[in-house]
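Asks: The numbering used here puts the first residue of the sequence shown at 76, with every later residue one more than the last. Where a beta carbon is used, it is the ideal one built from N, C-alpha and C, also for glycine. Got a structure for you, questions after.
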Amino acid sequence: MRRMLIAAGVMALGSLAQAQGIEQFLKIRTPGAATIAPDGTLYVRDWPQGIFQLFRAEEGVARPGGPTRQLTHFPDGLSGYSLSPDGTKILLLHAVGGNENTQISLLDPEFEGGSGRIVAVRHDPKVQHALNFWRPDSRGFVYTANDASPSDFYIYRFDFSGDPFGGNAGTSTLLLGKPGAWGASDMSADGSRVLVGQYRSASDSSFYELNAASGELTNLTPVAEGTVAVEGVGYMPGETGVLYISDVEEGRARLFLRDLATGEISRPISELDAFEIDGAQINREKTLLSVTTNEDGYGVARVYRLPGFTRVELPSIDAGVASVTSLRDGRLVYTMSNARTPGLAFACDIPTSGDKAGNVRQITFADDQGIDLSKFPLPRLVKYAAHDGVEIPAFLFLPPGYVEGTRVPFIVNYHGGPEGQHRPIFSAQIQHLLSEGFGVMQPNVRGSSGYGRAFLMMDDYTKRWDSVRDGVNAAAWLVANGYATPGRIATYGGSYGGYMSVACLVEDQMRVERGEQETALFGAGVNVVGIVNLKTFLEKTAGYRRKLREVEYGPLSDPEFLASVSSMTHIDKIKAPMFIAHGFNDPRVPVEEAMQLAIALKDRGHSPQVFIAPDEGHGFAKLDNRLYFASRMSAFLKSTIGKE
76 MRRMLIAAGV MALGSLAQAQ GIEQFLKIRT PGAATIAPDG TLYVRDWPQG
126 IFQLFRAEEG VARPGGPTRQ LTHFPDGLSG YSLSPDGTKI LLLHAVGGNE
176 NTQISLLDPE FEGGSGRIVA VRHDPKVQHA LNFWRPDSRG FVYTANDASP
226 SDFYIYRFDF SGDPFGGNAG TSTLLLGKPG AWGASDMSAD GSRVLVGQYR
276 SASDSSFYEL NAASGELTNL TPVAEGTVAV EGVGYMPGET GVLYISDVEE
326 GRARLFLRDL ATGEISRPIS ELDAFEIDGA QINREKTLLS VTTNEDGYGV
376 ARVYRLPGFT RVELPSIDAG VASVTSLRDG RLVYTMSNAR TPGLAFACDI
426 PTSGDKAGNV RQITFADDQG IDLSKFPLPR LVKYAAHDGV EIPAFLFLPP
476 GYVEGTRVPF IVNYHGGPEG QHRPIFSAQI QHLLSEGFGV MQPNVRGSSG
526 YGRAFLMMDD YTKRWDSVRD GVNAAAWLVA NGYATPGRIA TYGGSYGGYM
576 SVACLVEDQM RVERGEQETA LFGAGVNVVG IVNLKTFLEK TAGYRRKLRE
626 VEYGPLSDPE FLASVSSMTH IDKIKAPMFI AHGFNDPRVP VEEAMQLAIA
676 LKDRGHSPQV FIAPDEGHGF AKLDNRLYFA SRMSAFLKST IGKE
């Protein structure tokens with residue numbers, strides 16, 4: 076495998092000296108995943124050495140150079156963590172080399188004999204584990220694992236022993252062992268009932284209440300026939316009702332309340348009906364509900380008292396994407412991200428009564444690397460027409476000092492998913508590209524989430540190429556509106572965005588050959604961990620993903636269609652130079668996707684630039700690799716679309 080790439084003359088491994096400007100931008104960081112313990116201690120996930128680890132800030136504030144204590148030292152970093160309700164334990168989620176087989180360990184945050192005492196809880200290198208939630212009494216947790224079959228996630232309860240650090244962490248009990256991708260959202264106070272769901276696709280899932288003793292499932296899915304997206308939130312106070320999110324009505328993600336005794340279903344908060352619901356959570360005491368809404372890509376946080384759903388007025392939050400990270404102990408912790416705010420965390424107390432929250436305080440601060448973030452360009456929300464009249468929203472970033480009517484080199488950046496969504500959040504890489512004079516457009520082509528069920532499903536299966544047409548139309552809009560010049564626009568995307576990046580080069584050339592446009596719009600393409608052959612992708616992707624992806628892209632039993640929308644079938648249409656980057660251990664999009672594209676281009680006389688990171692998976696998690704990729708990409712874009 077390695078020899079094939081070397082023989083093709085396209086492989087690059089390792090790291091080179093980085094351009095100072097890129098390093099300065101990419102080292103901008105803010106401690107993330109902020110959680111405040113009952114005693115006021117702040118825990119954050121941070122990467123001062125280039126890899127995410129867990130830190131504790133006893134003073135309740137995390138700032139660059141401030142007093143923090145590093146609690147973990149995983150060689151490949153910390154994927155995530157969760158603090159127990161009583162603040163005495165922390166579950167750690169970690170994997171190796173980007174393989175996404177997440178393991179669960181237990182940390183004693185108060186252990187003073189070193190960084191922190193850690194014991195294995197659920198470890199099997201061939202299994203992917205996912206933490207669902209803690210038990211309210213902190214004596215255990217609920218998780219899922221695909222230990223029985225790669226494509227089936229069973230639900231388990233783990234109960235800690237009297238001394239989980241004494242050699243026997245505890246015992247695991249199977250709660251539900253059925254085929255499919257299952258997960259749990261809440262458990263009754265006595266542990267006898269569990270809210271569970273089965274995920275089949277972004278537009279098709281089911282919702283149940285599980286009797287933990289008998290294994291009996293009571294169907295709470297809001298439709299008897301057809302498909303619907305539904306996601307459990309949790310039990311209401313007294314456990315007489317449940318809250319869930321579904322697109323069953325009007326094709327939009329709404330919040331619903333179901334009475335468990337009568338089966339009556341209602342929408343309890345009318346002011347939310349105008350928006351898509353991003354997510355919701357109920358605190359342990361069942362007294363507060365937080366809801367985040369998706370409003371044209373912007374994220375807004377709200378808090379309500381239970382059981383009456385009366386709104387608690389929060390302090391003013393800047394425009395951007397607000398996300399609730401913690402709602403516990405009478406305190407709301409949320410993050411705010413926009414083009415000038417790199418995911419800063421804030422906290423405010425929620426009094427036990429009244430309609431207003433307490434004063435807000437900032438609890439994490441950015442390492443801005445000496446750059447004035449307030450000068451970073453903010454995006455414009457624009458919309459353009461697709462080939463069939465569908466309206467496509469997009470975020471348009473213009474370089475600093477841009478003069479209206481000036482044409483500049485542009486990058487069309489496609490998101491992954493396909494059910495992802497570009498949102499106006501902080502991106503050091505985008506800001507660096509802007510600082511170098513590039514413009515960036517981020518279209519949310521059909522199939523993106525955040526705009527309703529109908530838009531989400533517009534690219535499913537046989538409609539796949541319609542989203543590619545949307546991607547090319549973004550470039551056409553830039554040219555028609557005086558922002559860019561044909562041939563000085565690049566495609567760029569990761570994962571499904573990588574698929575789009577290559578496929579849009581194909582569609583662009585097809586339009587030239589069909590006489591629909593005089594010349595190609597794109598002059599370069601950047602494909603990061605992208606799909607180029609849907610058949611080989613589905614054959615080799617991790618088992619737990621195959622069923623989910625066949626719903627989106629089409630089944631392996633329809634090879635002719637898969638070939639028709641695969642860039643490898645149309646490889647001769649690719650005329651623009653390409654930069655291809657991939658993680659060698661990628662379990663989602665196997666590295667063979669990058670290899671076959673690079674070799675095919677080389678065989679046709681092209682000279683693609685390629686970076687294969689040997690210690691990464693689906694993307695680049697380590698700072699050295701991120702810096703190397705960004706410097707290579709910047710140089711590539713300057714040498715292609717950056718030339719006059």
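Starting from E588, trace the alpha helix (DSSP H) both ways and give me its first and last residue.
Replies: Here the question's residue 588 lines up with position 513 in the sequence shown. First-last of the alpha helix (DSSP H) with E588: 571-588.
Asks: Are the CB atoms of D322 and R528 within a distance shorter than 8 Å?
Replies: Taking the first residue of the sequence shown as position 1, residue 528 is located at position 453. Taking the first residue of the sequence shown as position 1, residue 322 is located at position 247. Yes. Within cutoff.
Asks: Following the continuous beta strand (DSSP E) through Y274, name the residue where it begins and the one where it ends.
Replies: Start at 1 with the first residue of the sequence shown, and residue 274 comes out as number 199. Taken as a continuous stretch (DSSP letters only), the beta strand (DSSP E) holding Y274 covers 268-276.
Asks: Starting from Y563, follow the alpha helix (DSSP H) in both directions and report where the run begins and ends.
Replies: By 1-based counting over the sequence shown, the position of residue 563 is 488. Per the sequence shown, residue 563 should be read as Arg rather than Tyr. Here R563 belongs to no alpha helix (DSSP H), and DSSP marks it neither H nor E.
Asks: Does the contact criterion of 3 or more C-beta pairs under 8 Å hold for the region 135-148 versus the region 448-457?
Replies: With the cut-off at 8 Å, the region 135-148 and the region 448-457 do not touch.
Asks: Alpha carbon to alpha carbon, how far is A710 from S697? Give it in angstroms, no decimals.
Replies: As a first step, residue 697 must be located in the sequence shown, where it is residue number 622. As a first step, residue 710 must be located in the sequence shown, where it is residue number 635. Per the sequence shown, the amino acid found at residue 697 is Lys instead of Ser. Taking the straight line from one Cα to the other gives about 20 Å.
Asks: Work out the CA separation of R701 and M533 for me, nearest whole Å.
Replies: Sequence index remark: in the sequence shown, residue 533 carries index 458 (1-based). Sequence index remark: in the sequence shown, residue 701 carries index 626 (1-based). C-alpha separation (whole angstroms): 33 Å.
Asks: Does the contact criterion of 3 or more C-beta pairs under 8 Å hold for the region 612-619 versus the region 675-689?
Replies: No, the region 612-619 does not touch the region 675-689.
Asks: I need the straight-line Cα distance from D371 to R482, nearest angstrom please.
Replies: For the purposes of this step, residue 371 is taken as residue 296 along the sequence shown, with counting starting at 1. For the purposes of this step, residue 482 is taken as residue 407 along the sequence shown, with counting starting at 1. Cα to Cα, the separation comes out at about 27 Å.
Asks: Closest to V603 by CA distance: which of G155, Y218, E667 is it?
Replies: For the purposes of this step, residue 603 is taken as residue 528 along the sequence shown, with counting starting at 1. For the residues G155, Y218, E667, the minimum Cα distance to V603 belongs to E667.
Asks: Just the C-alpha distance for I467 and N556, rounded to the nearest angstrom, thanks.
Replies: Indexing the sequence shown from 1 puts residue 467 at position 392. Indexing the sequence shown from 1 puts residue 556 at position 481. When rounded, the distance between both Cα atoms is 15 Å.
Asks: Between Q93 and the rest of its own chain, which residues show a CB-CB distance below 6 Å, the 5 nearest in sequence each way excluded?
Replies: Within the sequence shown, residue 93 is the residue found at index 18, counting from 1. Note that Q93 has pLDDT 38, beneath the 50 cutoff, so the model's placement of it is unreliable and no number is given.
Asks: Classify E284: buried if its beta carbon has 16 or more other beta carbons within 10 angstroms, exposed otherwise.
Replies: Stepping through the sequence shown from its first residue, residue 284 is reached at position 209. Under this definition E284 is a buried residue.
Asks: Taking the alpha carbon of R380 as the reference point, which residue from G429, E324, K201 has its own alpha carbon closest?
Replies: Position 305 of the sequence shown, counted from the first residue, corresponds to residue 380. Measuring from the Cα of R380, the nearest candidate turns out to be G429.
Asks: Give me the residue from P139, T315, L166 with the minimum Cα distance to T177.
Replies: Position 102 of the sequence shown, counted from the start, is the residue given in the question as residue 177. Checking every option, the nearest Cα to that of T177 belongs to L166.
Asks: Which residues bound the alpha helix (DSSP H) around P326?
Replies: Looking up residue 326 in the sequence shown gives position 251. It should be noted that the sequence gives Gly, not Pro, for residue 326. Run containing G326: none; DSSP gives neither H nor E here.
Asks: Taking 8 Å as the cut-off, decide whether the C-beta atoms of L56 and I193 are in contact.
Replies: There is no way to answer for residue 56, as the model of the chain reaches only from 76 to 719.
Asks: Select from R436, P160, S276, G629 the residue whose C-alpha is nearest the C-alpha of A112.
Replies: On the sequence shown, position 37 is the one that residue 112 refers to. Residue P160 is the option with its Cα nearest to A112.
Asks: Are Y459 and A549 close, meaning C-beta to C-beta below 8 Å?
Replies: Position 384 of the sequence shown holds residue 459. Position 474 of the sequence shown holds residue 549. The answer is yes: Cβ separation under 8 Å.
Asks: Quick one: what's got a C-beta closer than 8 Å to P634's C-beta in the same chain, skipping five residues either side?
Replies: Looking up residue 634 in the sequence shown gives position 559. The answer, listed in chain order, is K610.
Asks: Within 10 Å of its beta-carbon, does L712 have 16 or more other beta-carbons around it, so buried, or fewer, so exposed?
Replies: On the sequence shown, position 637 is the one that residue 712 refers to. It is buried - the Cβ of L712 has at least 16 other Cβ atoms within 10 Å.
Asks: I need the DSSP call for P312, collapsed to helix, strand or coil.
Replies: Here residue 312 corresponds to residue number 237 of the sequence shown, with the count starting at 1. Helix, per DSSP.
Asks: Buried or exposed for S542, going by 16 or more other Cβ atoms inside 10 Å?
Replies: Residue mapping note: residue 542 aligns to position 467 of the sequence shown, counting from 1. So S542 ends up on the buried side.
Asks: Going residue by residue through the region 340-372, where are the continuous beta strand (DSSP E) segments of at least 3 residues, counting only ones entirely within it?
Replies: DSSP runs (the beta strand (DSSP E)) wholly in the region 340-372: 351-357, 363-370.
Asks: Determine which residues share a DSSP beta bridge with E627 and list them.
Replies: Working through the sequence shown from its first residue, we reach residue 627 at position 552. E627 is not bridged to any residue.
Asks: What did DSSP end up calling S714 once you bin it into helix, strand or coil?
Replies: Walking along the sequence shown from the start, residue 714 turns up at place 639. DSSP places S714 in helix when its eight states are reduced to three.
Asks: Just verifying my parser: in three-state terms, what is the DSSP assignment at G546?
Replies: Stepping through the sequence shown from its first residue, residue 546 is reached at position 471. Reduced to three states, the DSSP call for G546 is helix.
Asks: Which of the three DSSP states, helix, strand or coil, is assigned to E668?
Replies: For this step, residue 668 is matched to residue 593 along the sequence shown. E668: helix per DSSP, three-state reduction.
Asks: Is the Cβ of V577 closer than 8 Å to any Cβ of chain C?
Replies: Included in the structure is just one protein chain, with no chain C present.
Asks: What runs of the beta strand (DSSP E), each 3 residues or longer, lie entirely inside the region 600-666?
Replies: Correct list: 653-658.
Asks: Ignore the nearest five residues each way along the sequence and tell me which others in P343's own chain have a CB closer than 6 Å to its CB.
Replies: Residue 343 sits at position 268 when you count from the first residue of the sequence shown. Result list for P343: L332, F384, in chain order.
Asks: Just to confirm my understanding: we take M653, look at its own chain, exclude 5 residues before and 5 after, and list those with CB closer than 6 Å. What are they?
Replies: As a position in the sequence shown, residue 653 is number 578, starting the count at 1. These residues qualify, in order along the chain: G600, P683.
Asks: Since Q356 contacts L402 with CB under 8 Å, what's their CB separation in whole angstroms?
Replies: Here residue 356 is taken as the residue at index 281 of the sequence shown, counted from 1. Here residue 402 is taken as the residue at index 327 of the sequence shown, counted from 1. Right, the Cβ-Cβ distance comes to about 6 Å (below 8 Å), so this counts as a contact.
Asks: Below 7 Å CB to CB, which residues in the same chain sit around F704 once its five sequence neighbours on both sides are set aside?
Replies: In the sequence shown, the residue the question calls residue 704 occupies position 629. Result list for F704: A656, F686, F695, in chain order.
Asks: Taking the DSSP output, what are the residues bridged to P468?
Replies: The residue you call residue 468 lines up with position 393 of the sequence shown. DSSP lists K458 as partners of P468.
Asks: Comparing C-alpha positions only, which one of Y489, L508, H507, Q517 sits nearest to P499?
Replies: If you number the sequence shown from 1, residue 499 lands on position 424. Minimum Cα distance to P499 is reached at Q517.
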